[in-house]
Amino acid sequence: MKTKVLCMLSAVMFISTFCLLTTPAYSGRGVTDDTIKMGIIMVKTGPVAIMGKSQSQGDKDYFRYVNEDLGGVNGRKIVLIHEDDQFKADLSLAAFKKLMMRDKVLSIITCGGTPQQVANFANIKKYKTSNIPNSLAEEMYLPHKPYI
Numbered sequence: 133m134k135t136k137v138l139c140m141l142s143a144v145m146f147i148s149t150f151c152l153l154t155t156p157a158y159s160g161r162g163v164t165d166d167t168i169k170m171g172i173i174m175v176k177t178g179p180v181a182i183m184g185k186s187q188s189q190g191d192k193d194y195f196r197y198v199n200e201d202l203g204g205v206n207g208r209k210i211v212l213i214h215e216d217d218q219f220k221a222d223l224s225l226a227a228f229k230k231l232m233m234r235d236k237v238l239s240i241i242t243c244g245g246t247p248q249q250v251a252n253f254a255n256i257k258k259y260k261t262s263n264i265p266n267s268l269a270e271e272m273y274l275p276h277k278p279y280i
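For what it's worth, the numbering used here labels the leading residue of the sequence shown as 133, then goes sequentially.
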């Protein structure tokens, strides 16, 4: 059952992201004539690194498929910039700001686990970036958050 929920959540994440990317209103930050920069914050190192490895590989594989087999999104190739938060909220906050300010990504797919996601609620709102959490915790949807 958990696998079905994760698969469904992943499908919704990618469909939502690509619906967002194909709207004319989002042709600014992170979008050029030939690329779309997307960020992801996920644990890659440290004691719980195994938690992020499969999703990270799945994201890379999916965007490789979109770029190579589908020709990107509206002809633009997806550039995925992955930041490691070591499953720590403070590192996730720093990674979020780096992705938005230095890398200038269009959107950050996820901010990591529940504590990292909650820590970044204010950043998500401030930068008005769409974000799909890995968590199904009540904090993710109550009260309603327009960018999540």
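Here a beta-carbon is modelled for each residue, glycine too, at the ideal position from N, C-alpha and C.
Locate the beta strand (DSSP E) running through residue i, then write down its first and last residues.
| i | result |
| --- | --- |
| Val-211 | 209 to 216 |
Would you report the Cα separation of residue i and residue j, rounded to the nearest angstrom?
| i | j | result |
| --- | --- | --- |
| Ser-186 | Tyr-197 | 16 Å |
| Val-205 | Met-233 | 23 Å |
| Val-180 | Asp-165 | 38 Å |
| Pro-247 | Asn-255 | 14 Å |
| Leu-225 | Gly-207 | 32 Å |
| Glu-270 | Asp-216 | 25 Å |
| Leu-212 | Lys-277 | 24 Å |
| Thr-177 | Asn-252 | 20 Å |
| Ser-239 | Arg-161 | 9 Å |
According to DSSP, residue i sits in a beta bridge with which residue or residues?
| i | result |
| --- | --- |
| Lys-169 | Val-211 |
| Ser-186 | Bridge partners of Ser-186: none, in fact. |
| Ile-240 | Gly-171 |
| Val-205 | Arg-208 |
Look up residue i in the DSSP assignment and say whether it is helix, strand or coil.
| i | result |
| --- | --- |
| Val-198 | helix |
| Ser-262 | coil |
| Ser-159 | Unreliable placement is indicated for Ser-159, whose pLDDT of 48 sits below 50; no coordinate value is reported for it. |
| Val-107 | Here the chain has residues from 133 to 280 only, and residue 107 is not among them. |
| Phe-228 | helix |
Note the first and the last residue of the continuous alpha helix (DSSP H) segment covering residue i.
| i | result |
| --- | --- |
| Tyr-273 | Tyr-273 -> no alpha helix (DSSP H), and no H or E assigned at all. |
| Asp-235 | It is not in any alpha helix (DSSP H) - Asp-235 carries neither H nor E in the DSSP assignment. |
Leaving aside the five residues before and after residue i along the sequence, list all residues of the same chain whose C-beta is less than 6 Å from its C-beta, in chain order.
| i | result |
| --- | --- |
| Lys-229 | none |
Suppose the cutoff is 8 Å on Cβ atoms and the five residues either side in sequence are ignored; what does the same chain contact list for residue i look like?
| i | result |
| --- | --- |
| Asn-199 | Lys-209 and Ile-210 |
For residue i, which residues of its own chain have a beta-carbon under 7 Å away from its beta-carbon, when the five flanking residues on both sides are left out?
| i | result |
| --- | --- |
| Lys-257 | Tyr-279 |
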